[in-house]
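Colleague: Here it is, the structure, as structure tokens.
Numbering (UniProt numbering), first residue to last: 1 to 1127.
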């Protein structure tokens, strides 16, 4: 067979095409292997909503037990900030000081080695540790983990059981089990009551024995030690020594010696008791719960992790009365979005298949071309697996776009092969001639796309991560589609037997084939495959049903096979007859349009300069009227199905009062029909509600609901002064939602606090703003002890000693941990509450002075001043910062950039922003900052891609002129996309930028198909005739490839499911750009080529010489019929 095919290889046949047709078994094996590996890779890929991004961030966390946010800021945070200020490659320093803790965050330049930076930061922080106050913990330096946010949260309620018992069960039994689930990195608990041991001090007894509160805490900690002493080697044997002094009971703690000389024990100055501590309230759907938060490991599949956790919980036998309620499943929107996008993928493939059938007409040819879709797409999952990517909105969009592109190469090849078949060539020679003729055009078109996609995939940062997954996935599919069209489609078309086309007249004959089909079914019992199929059917029936009588249906297998063959034959006959009918209508319409186009082009060539002037005017109008009005954002506003609500409360409210107020809001949401779950958290620092809505198809969109909720909440607290409810979209779902933020910075914290309330009031009065809140809304009353330096000097005490004593009296000190009954509980040393009823009680507390050998009261050392203080202090780049959260009005047409500019101007007019209080630099990886960079980054990538495509085309045609004609449709495609986005009222986002990059290769692709044929025909015909002949012969493939690209946008435009917002701008850009670029290819490219190439066209004598030379090398005889494979 190889010899027979080889004998048919004539002059002009591409060697690769000839080799694949000759060695068809090798070609089949290669591409089948690619499909198999693609399927295996697809099954093992993770699933996420968007690409994971590696943000180089280092954090420094420091504890300072009992200290207020302002004290933590002044004594800890600013010390750490000063120490790390000189770390190289730092783009910003931000910090948050809370009660008892400090967190400093360093954001580094993209590409910075996080581990090396963390080591340098740790060294600098270690040197600054001695500047920290006594009582501050050792700073902890860590790199940022993007998976540190919970992917699943659920509440465990215990019915009649106490919250302490529920907490103990979850912490000691459920959590260890959950940590064994594959992909679970950490499990955190909140809410409920945590068991602890309280050492309640009697201040009078402490004074009598000459002890301080801190000395009690130190004594308990010092008596509760287990540490290694070292290793001693004796006689070749190594012995390890440890110190084991563990406290294991309340009695052990009570008997700890405080003063050996006097025999004073803890029990002499304090009472020790087992207790439970509740620092807040957590509820799910109104029920008190212990909230469990699950975090995933880096690179794991979030959906698989959540499924594993839920499967484990369903198999766990909970104690009687215990119940689990899921309150925040971040994979819900991921599942819905990926499911919606996958549906778009199938619909797109179906539409492309229909278009292919209508244009090619022959069912076997059309199916051969359609087979290129799954074959070409198989390359993308393989690359995703090798690169560590996941299935997400970006990578799946690449597959959707690929469907319309990968089939283009096959269409061009198949259409040219069918043209040779119509000229009388047999299958193999038609394939060899047709594929070889368009080989260079298909190669140039594919290389132009690859020249766009591969280089831009090297962009850095978060934007680069999005572009990389899209570009590389599409590039893999495009590369394989090129190889498939020339090396495997040719094999299928060369060796697929021709079937006589069936018309409606043949359908009755096919309907009469039932007896023959039944005979075939009965005869199949003599084949081996029948018995394999029967055994498989029996196995399925045996395992899937309990009714053994159904096993008898296996006896009907021959009949079922006959009926199935008959129905399949009827279906194919009807489909082919229908296809031929529709193809005939399409073909007649296409021929009429083609001839009208050729006539109009003939007229247009008489006024080539006029055509170019009109086109230039279109570009000028676009630049002047549309481009300045285009707005940018990073990702589109999405409906994540989650909301975040909270209360702005006055200072000094107790936990119970906060709980009562938030219960009103909680009850309102639980009564809404579209709400699925409400997760409530009430702490001393604030209140928050995470609301999860029902699926998108069962409710209004989130933006509309947010406006409805805000109106309802405004009147809910009219009876409580200074209480304001706020609601924002995107609560609990990593980064999703429409909320925006604005940061103000100042060196004077008091000035920033003064302007916070004014800023919120100004923002809420602006059009386009639904609600606003500030990071200083949550405040609390703080009793500040102001020591008198003279009195301190007389007592012989220092301010630090007094602060430690008051800290232990007030918030308590840690005495380590105690393990009782297998449960580890913290030990808290604090003042017995009966001695701390009010401020006067605190002033009456004694503090022992060693220099005076007696005690003095707190009131003898200073006074107490009450002040309102924030629950946290924030700083940005070593300036105090105020974060303003804004929820845009869904009815507003303002973009994020426009709204930010409007709000900044309003705050400036109101005097909030001036030379003392300024707008802080946005986080370079925030949505706003990324959106601001989308335009400039997109322009840079576009210019680079344009240059590379020009170089590739120049190399293809060995000319510096021809690429200019080929790229001529590109600016018009961009202009068409801009007009389409303007008319649709769309904002350009990162997905739209990806569409603009694609336009370079896609719009040049049609020009290549056309101009490559023109250059060839110029050797035989005058320039004008070559242009018209190429227009006539290339009209059909250009229309087909244009339609296949356009139809991929239809599902994206019409989809209203979850996550549909991501593909909208991409589809709009493709529709507008490709439509205009096709028109430009039909008219502007011929007009420009005619106008500027007239002087370079061959003279008649030159063409005759070229034709004589070509005739001398042409094949001597017409082709003959090819033998069947294996002959």
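Cβ coordinates follow ideal geometry from the N, Cα and C atoms, glycine included.
Around the Cβ of residue 393, are there at least 16 other Cβ atoms within 10 angstroms (buried) or fewer (exposed)?
Modeller: Residue 393 is buried by the Cβ-count criterion.
Colleague: Report the rounded CA-to-CA distance for residue 116 versus residue 123, giving the unit in angstroms.
Modeller: Rounded to the nearest angstrom, the two C-alpha atoms are 11 Å apart.
Colleague: Bridge partners for residue 259 per DSSP, in chain order?
Modeller: Answer is 264, bridged to residue 259.
Colleague: Assign residue 593 to one of three DSSP states: helix, strand, or coil.
Modeller: Here residue 593 sits in helix by DSSP.
Colleague: Measuring only the C-alpha atoms, how far is residue 607 from residue 347?
Modeller: So the alpha carbons of these two residues sit roughly 43 Å apart.
Colleague: Pick from 245, 287, 184 and 332: whose alpha carbon is nearest that of residue 294?
Modeller: If we check each option's Cα against that of residue 294, 184 comes out closest.
Colleague: Rounded C-beta distance between residue 975 and residue 1076? I'm assuming under 8 Å.
Modeller: Rounded, the Cβ-Cβ distance is 7 Å, consistent with contact.
Colleague: Sort 143, 202, 957 and 55 by Cα distance to residue 265 and report the nearest one.
Modeller: Checked all of 143, 202, 957 and 55; the closest Cα to residue 265 is 202.
Colleague: Give me whichever residues DSSP pairs with residue 848 in a beta bridge.
Modeller: Its beta-bridge partners are 855.
Colleague: Buried or exposed for residue 182, going by 16 or more other Cβ atoms inside 10 Å?
Modeller: Looking at its Cβ environment, which holds fewer than 16 other Cβ atoms inside 10 Å, residue 182 is exposed.
Colleague: Anyone know if the C-beta pair for residue 1081 and residue 971 falls short of 7 Å?
Modeller: Cβ distance not < 7 Å, so residue 1081 and residue 971 don't count as in contact.
Colleague: Considering residue 28, what are the terminal residues of the beta strand (DSSP E) in which it resides?
Modeller: Premise fails: residue 28 lies in the alpha helix (DSSP H), 24-44, not in any beta strand (DSSP E).
Colleague: Residue 664 lies in the alpha helix (DSSP H); which residues open and close that run?
Modeller: Run containing residue 664: 655-670, per the alpha helix (DSSP H) assignment.
Colleague: Here's the rule: buried if 16 or more other CB atoms are within 10 angstroms of the residue's CB, otherwise exposed. What is residue 162?
Modeller: Exposed: under 16 other Cβ atoms inside 10 Å.
Colleague: Contact check, residue 382 vs residue 872 under 8 Å by CB: the rounded distance?
Modeller: The pair is not a contact, with the Cβ atoms about 48 Å apart (cut-off 8 Å).
Colleague: Taking residue 274 as the reference, give the member of 286, 327 and 164 with the closest Cα.
Modeller: Of 286, 327 and 164, the residue nearest in Cα terms is 164.
Colleague: What do you get for residue 468, buried or exposed, if any count of 16 or more other CB atoms within 10 angstroms of its CB means buried?
Modeller: Its Cβ being crowded by 16 or more others within 10 Å, residue 468 is buried.
Colleague: Going along the chain, which residues of its own chain have a beta-carbon closer than 6 Å to the beta-carbon of residue 1035, five neighbours each way excluded?
Modeller: Excluding positions up to five away in sequence, the list reads 594.
Colleague: From the DSSP output, in three-state form, read off residue 14 for me.
Modeller: Note: residue 14 maps to coil in three-state DSSP.
Colleague: Quick check: the segment 396-416 against the segment 437-448, are there 3 or more CB pairs under 8 Å?
Modeller: In short, these stretches touch, since the Cβ pair count reaches three.
Colleague: When burial is assigned at 16 or more other CB atoms within 10 Å of the CB, is residue 178 buried or exposed?
Modeller: By the neighbour-count rule (16 or more Cβ atoms within 10 Å), residue 178 is buried.
Colleague: From the DSSP output, which residues share a beta bridge with residue 295?
Modeller: Answer by DSSP bridge pairing, in chain order: 186.
Colleague: How big is the Cα-Cα spacing for residue 16 and residue 487?
Modeller: In a straight line, the C-alpha of residue 16 is about 7 Å away from that of residue 487.
Colleague: Quick one, are the C-beta atoms of residue 90 and residue 189 less than 7 Å apart?
Modeller: In this structure, residue 189 does not lie closer than 7 Å to residue 90 by Cβ.
Colleague: With DSSP as the reference, label residue 961 as helix, strand or coil.
Modeller: If DSSP states are grouped into helix, strand and coil, residue 961 belongs with coil.
Colleague: What is the rounded straight-line gap between the Cα of residue 204 and the Cα of residue 246?
Modeller: If you take the alpha carbons of residue 204 and residue 246, they lie about 29 Å apart.
Colleague: Should residue 253 and residue 272 be called a contact, given that it needs their Cβ atoms to be closer than 7 Å?
Modeller: Yes; because the gap between Cβ atoms is below 7 Å, this pair is in contact.
Colleague: Buried or exposed for residue 661, going by 16 or more other Cβ atoms inside 10 Å?
Modeller: The residue is buried, with at least 16 neighbouring Cβ atoms inside 10 Å.
Colleague: Relative to the alpha-carbon of residue 756, which residue among 129, 67 and 648 has its alpha-carbon at the smallest distance?
Modeller: Taking only the C-alpha atoms, the option nearest residue 756 is 648.
Colleague: In whole angstroms, what is the alpha-carbon distance linking residue 747 and residue 659?
Modeller: The alpha-carbon atoms of residue 747 and residue 659 are separated by roughly 35 Å.
Colleague: Going by DSSP, what residue range makes up the alpha helix (DSSP H) through residue 166?
Modeller: Its alpha helix (DSSP H) spans residues 163-169.
Colleague: Kindly indicate which residue of 357, 681 and 905 has the alpha-carbon position closest to the one of residue 587.
Modeller: That would be 357, whose Cα lies nearest to the Cα of residue 587.
Colleague: How long is the line joining the alpha carbons of residue 210 and residue 276, rounded to whole angstroms?
Modeller: Approximately 30 Å between the Cα atoms of the pair.
Colleague: Please classify residue 64: does DSSP put it in a helix, a strand, or coil?
Modeller: Strand.
Colleague: Would you mind giving the Cβ-Cβ distance between residue 645 and residue 726, rounded to the nearest angstrom? I have them listed as a contact below 8 Å.
Modeller: Confirmed, about 7 Å.
Colleague: Quick one, are the C-beta atoms of residue 270 and residue 199 less than 7 Å apart?
Modeller: Cβ atoms of residue 270 and residue 199: closer than 7 Å.
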